[in-house]
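Chains as they are written, first to last, in our numbering: chain A, 1 to 142; chain B, 1001 to 1321.
Heads up, the beta-carbon is just placed ideally off N, CA and C, and yes, glycines get one too.
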Amino acid sequence: MNQESERKPRILGFLCRWCSYAGADLAGTSRKKYPANIEVIRVPCSGRVDPLFVIKALRLGFDGVLVSGCHPGDCHYQTGNYRTRRRMAITKKFLEYVGVEPERIQASWVSASEGGKFAEVVTKITKELKEIEPNRLFDDEE
Amino acid sequence: MKNSEIEQRLRQEAKALLEQGKVDCIIGYETGSLKFTTTPLITRNKDDVERLIVSPFIVNNLSVYLTEIKGKVGIIAKGCDSRSIVNLIQDNKIAREDVVIMGIPCPGLIDLNKIELSLGKDRDELDNVTRDNDRVVITIDGKEKDFPITEVLFDNCLECEFPTPREYDVLLGEPCAPVKSEVSKKTSIKELEAMPRGERWNYWKEEFSRCIRCYACRNVCPACFCQRCFVEESEPQWVSPTPKWQDNLMFQVTRNIHVAGRCTDCGECERACPMNIPLRSLTKKMYDIVDEQFHYKAGTDKNASPLLTAYEAAEVEDFIR
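Here it is as structure tokens:
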């Protein structure tokens, strides 16, 4: 039980393979410390992330979702991250309207050389999510 | 121009299109089986055009059929419908030259449910319902009763921005001005936004506990044209097939995000819902978000890139770390 509560909040990260995933890798190899609350899924591009993935993660009980890609202008496929930006902007606003806390939907630009930034982002998000209630949005009462 | 005149012009137009072989098929409205209602008429026969009608009850957004019908099509479109057609052109679902749009300026459609509610009578008891500029005149037992249009038009018609079609080959009737009336009721966006967040979630939870996942909202939506919807996928199974409120809500929220920038606020989803879930409070909110953040109004420009495939280098970024 104790172990379980230590793992809260649980964060699901969608990291683009060209920038953010390499950035996360760099955070590890350069021994930066960041909370172990994040579970990572590597995606070919942040543009691969359908808002459906984000909603499904919340439905499965993740406390927060992070979508991370290359900085604007640096996308390996030229425009993938710009599309993600539009999509995530409306997703975040809309979910907030339905009643989801805005802290649960997170996005960041982390390049392959920004191991430090990745550690920082995860630390900050974890802290923010600790301040709000655990995700009980989709819980069954019965 | 009166509806009967528009109707005559429409029939001539439709007949000519079929006779000259400019279209293979006509999509319009005919008298429905229930009083006042209309039903879609899809025909390849030029004699059927006499059945075409125009009335304040032509609610269906006919553009939903365009992706399913092969060949050239002549279609009747109100303001919102024409925008749905433009969406389909933008998304390369149909070619502009394959469709002949007969535009009808639409001053707003009459919501029979609103009339029934305020009169406490069934629609079968009404003798006649006619529109006269800013009034709607209802005849019951030989007596006439007047309503201002703001009380009896559909909510989306009251807030309509483009009553005159944006895209058409022929326009039947003169362009008309939007009603521009604000809707305020318990389920309107303003009221919902005033609630604390948790309460809002519980509100939607309550509403979607009623949902039976019949997918009527999706099936009437011209913006929902995926060959295979995510709710029907089994590997992975995104949503459980049993209509639990969690999955119902997840379905509707995702559907709204998927049609962002394509929803023209035609109001068909809410009308189609057999459980009376106020779906328009979701779709209109998304419409507003898209407008606010990207100054994009669905279906107003056939040469524009669809919202979610386009971008500008400098755009909303305040939420990104």
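- The shortest C-alpha to C-alpha distance from B/Thr1309 to any of B/Val1059, B/Ser1063, B/Asn1087 and B/Leu1017 is the one to B/Asn1087.
- In the pairwise beta carbon analysis, the segment 69–77 of chain A is classified as not touching the segment 1252–1260 of chain B: fewer than three pairs are separated by under 8 Å.
- For the segment 94–118 of chain A, residues whose beta-carbon sits nearer than 9 Å to a beta-carbon of chain B comprise Phe94, Leu95, Glu96, Tyr97, Val98, Gly99, Val100, Glu101, Pro102, Ile105, Gln106, Ala107, Ser108, Trp109, Val110 and Lys117.
- In this structure, the straight-line span from the alpha carbon of A/Leu137 to that of A/Gly64 is close to 12 Å.
- Taking 9 Å as the CB threshold, B/Ile1320 lines the interface with chain A.
- The beta carbon of A/Ile38 does not come within 9 Å of any beta carbon belonging to chain B, so the residue lies off that interface.
- With respect to A/Arg86, B/Leu1307 sits close: the two C-beta atoms are nearer than 9 Å.
- Three or more beta-carbon pairs separated by less than 8 Å link the segment 1073–1089 of chain B to the segment 1013–1031 of chain B, which places the two stretches in contact.
- Along the segment 1251–1268 of chain B, going in chain order, the ones with a CB nearer than 7 Å to a CB of chain A are Val1253, Thr1254, Asn1256, Ile1257 and Ala1260.
- Listed along the chain, the chain B residues whose CB falls inside 7 Å of the CB of A/Phe138 are Gln1246.
- At a beta-carbon threshold of 7 Å, the residues of chain B lying near A/Leu52 are Phe1230, Trp1238 and Thr1254, ordered along the chain.
- The C-beta of A/Arg10 comes no closer than 9 Å to any C-beta of chain B.
- The beta carbon of B/Asn1202 falls within 9 Å of a beta carbon belonging to chain A, placing the residue at that interface.
- Put simply, the backbone Cα of B/Ser1305 is about 14 Å away from that of B/Val1290.
- Within the segment 1197–1231 of chain B, the complete alpha helix (DSSP H) segments at least 4 residues long are 1197–1209 and 1216–1220, listed from N- to C-terminus.
- Minimum Cα-Cα distance from B/Cys1080 among the listed residues B/Glu1161, B/Pro1243 and B/Lys1284 corresponds to B/Glu1161.
- With respect to the 9 Å criterion, A/Ala112 and A/Lys92 are not classified as neighbours on the basis of their beta carbons.
- One finds Gln1293, Val1316 and Phe1319 in chain B with Cβ atoms closer than 7 Å to the Cβ of A/Ala89, taken in chain order.
- Taking 9 Å as the Cβ-Cβ cut-off, the segment 1302–1314 of chain B approaches chain A at Leu1307, Leu1308, Thr1309, Ala1310, Tyr1311, Glu1312, Ala1313 and Ala1314, given in chain order.
- In this structure the segment 1161–1172 of chain B does not touch the segment 1109–1129 of chain B; the number of beta carbon pairs closer than 8 Å is below three.
- DSSP, reduced to helix, strand and coil, places B/Glu1097 within a helical segment of the structure shown.
- Proximity of B/Val1073 to chain A, defined by a Cβ-Cβ separation below 9 Å, is not satisfied.
- Against chain B, the beta carbon of A/Lys130 has no neighbour under 9 Å; the closest one sits roughly 17 Å away.
- B/Gln1237: not part of any beta strand (DSSP E); DSSP gives it neither H nor E.
- With respect to chain A, the C-beta atom of B/Arg1083 has no partner C-beta closer than 9 Å.
- For B/Arg1011 against B/Leu1052, the beta-carbon gap comes to about 5 Å, under 8 Å, which counts as contact.
- Cβ atoms of B/Ile1110 and B/Leu1153 come within 8 Å of each other, at about 6 Å.
- At a C-beta separation below 8 Å, B/Lys1285 has these neighbours in chain A: Phe94 and Tyr97.
- If you ignore the 5 residues before and after B/Ser1181, its C-beta comes within less than 6 Å of the C-beta of Thr1150 and Leu1158, all in its own chain and listed in chain order.
- Each residue's CA atom was taken as its position, placing A/Ala22 and B/Glu1292 some 35 Å apart.
- Chain B has a Cβ within less than 9 Å of the Cβ of A/Lys56.
- Shown here, B/Ala1304 sits in coil according to DSSP, grouped into three states, outside any helix or strand.
- Among the residues of chain B, those whose CB is under 7 Å from the CB of A/Pro72 are Ala1313, following chain order.
- Here the C-alpha atom of A/Ala119 lies approximately 23 Å from the C-alpha atom of A/Gly80.
- In terms of CA proximity to A/Leu26, A/Glu114 leads the group A/Ile105, A/His76, A/Phe14 and A/Glu114.
- Pairwise C-beta distances place the segment 1196–1210 of chain B out of contact with the segment 1038–1055 of chain B, as fewer than three of them are shorter than 8 Å.
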